[in-house]
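Only one structure is covered here, and it is reproduced in the block below.
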Amino acid sequence: MRVAVVAMETSQYRDTVGRTRLERVATELAAAGHDVTVFCSQWWPGFDNQRERDGVTYRAVTVSPTVPSFCVRLPAMLARFRPDVVHVHPTPSSVALAAKTGATLSRAPLLTEWYGDEDVPESRRADLALRASDCLVTPSELVRTRVRERGATADQTTVLPQSIDMDLVRDADTDEEIDVVYAHKLDGSANVESLLLGLAELRQKGWSATIIGDGPEREYYEQEAADLRIDDRVTFAGACDIEERVSIYKGAHVFVQTAFRECFATDLLWAMACGCIGIVEYQAESSAHELIEQRDRAFRVTNPQEIADKIAESADFERRTVDESCAEFDHAQVRAEYEDLYESRIEETGLF
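In the working numbering, the protein residues as written are 1 to 352.
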């Protein structure tokens with residue numbers, strides 16, 4: 001298939017999870033043999049109007065993220081590319097509408113990757129862009145519900161999860177054994193307090209915990225651990241790359257998820273793939289509980305006392321370093337779901 005990805009601002013301009021996800025999908029599709037071009041603002045130096053990276057062609061529509069110029073040039077460039085499908089990031093809405101024009105000229109379906117971390121203000125243009133999409137892809141039912149609340153229909157939306165690298169999980173070294181691990185940027189949504197309060201309830205028991213992540217609230221949480229007199233058993237590991245996190249997860253027994261907001265709880269998924277038991281504190285703005293439904297090695301809780309109870313109960317479960325049931329989330333498996341989605345939408349247009 002010829003796949004056109006449209007993102008005026010790639011992760012080189014704005015490093016968001018949604019943009020990174022869309023670019024990873026492009027890379028996975030290219031690795032599977034598809035012809036993938038990302039139409040974007042130029043992020044590379046020099047005067048070349050395109051750049052190859054990881055099998056994907058990045059084509060400059062403009063030399064900088066200038067919305068009017070980008071919108072004027074994009075439809076014709078898409079038409080010349082003649083894609084089978086157009087896959088767009090939803091911001092800015094004007095660019096999404098321009099992508100729809102290009103898709104129409106190409107007689108190709110338009111899919112919108114709506115991760116949930118985009119800033120899409122309520123406006124007539126945003127409503128038009130949402131309705132113009134043939135399919136809106138979200139990572140969770142939580143985000144799908146939000147999109148439908150903005151006017152999308154059930155048939156217009158679908159859920160495709162974040163993906164992980166199971167080969168990395170299988171091959172990574174196992175770090176030292178610990179009992180509890182947590183991972184999230186230590187910002188206003190981290191809610192590490194729930195975990196620390198739960199651990200404090202187990203003060204009389206022997207345990208160790210590692211908190212992965214950095215951010216503006218780190219000092220506050222370190223002080224809270226000291227105030228609760230558990231700082232000697234809680235390690236603040238700071239920001240770790242994915243290889244480091246996987247090794248830590250493989251050595252851990254329990255992963256505790258407490259963050260207030262998660263479009264998709266990716267670190268929880270990585271940890272469960274590494275054999276961790278998942279303990280999720282329910283939050284109205286988090287989709288984390290969706291990942292543990294129908295899983296035996298997982299618990300849903302609502303407060304720090306229940307966190308403590310389930311950590312203690314988890315001691316009866318065997319330690320694992322790999323959980324093959326998470327292979328359904330492997331990059332290749334999720335890429336295949338995107339391919340099936342593309343084909344079904346193309347077929348609906350009568351062109352496949």
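Heads up, the beta-carbon is just placed ideally off N, CA and C, and yes, glycines get one too.
Under DSSP, the beta-bridge partners assigned to serine 286 are Glu262. The segment 116-129 and the segment 89-96 touch, with no fewer than 3 CB-CB distances between them shorter than 8 Å. If you check the CB distance, phenylalanine 255 and proline 161 do not come in under 8 Å.
Judged by DSSP in its simplified three-state form, phenylalanine 70 adopts helix.
Non-local beta-carbon contacts of alanine 312 in its own chain, meaning distances under 8 Å to residues more than five positions away in sequence, involve Leu202 and Lys205 in chain order. In this structure, isoleucine 212 lies near valine 181, with their beta-carbon atoms less than 8 Å apart. Contact check between the segment 143-156 and the segment 169-177: fewer than three CB pairs, one atom from each, fall below 8 Å, which does not count as touching.
Taken in chain order, the complete beta strand (DSSP E) segments of 3 residues or longer contained in the segment 193-266 are 209-212, 234-238 and 252-257.
Assignment of histidine 87 by DSSP, reduced to helix, strand and coil, places it in the strand class. Sequence-distant Cβ neighbours of aspartate 187 in its own chain, meaning closer than 7 Å and more than five residues away, are Gly215, Pro216 and Glu217. The closest CA to that of alanine 76, considering only Glu224, Glu141 and Leu105, is found on Leu105. Cβ atoms of glutamate 224 and phenylalanine 236 stay farther apart than 8 Å, at about 11 Å. Taking C-beta atoms as the reference points, glutamate 141 and glutamate 328 fail to come closer than 8 Å. Approximately 6 Å separates the beta-carbon atoms of serine 314 and histidine 253; this is inside 8 Å, confirming the contact.
Residue environment for serine 247: buried (at least 16 other C-beta atoms within 10 angstroms of its C-beta).
Pairing valine 143 with histidine 87 gives a Cβ-Cβ distance that is not under 8 Å. Taking the Cα positions, phenylalanine 39 is about 11 Å away from asparagine 49.
Distance from the CA atom of threonine 321 to the CA atom of aspartate 54, rounded to whole angstroms, is 30 Å.
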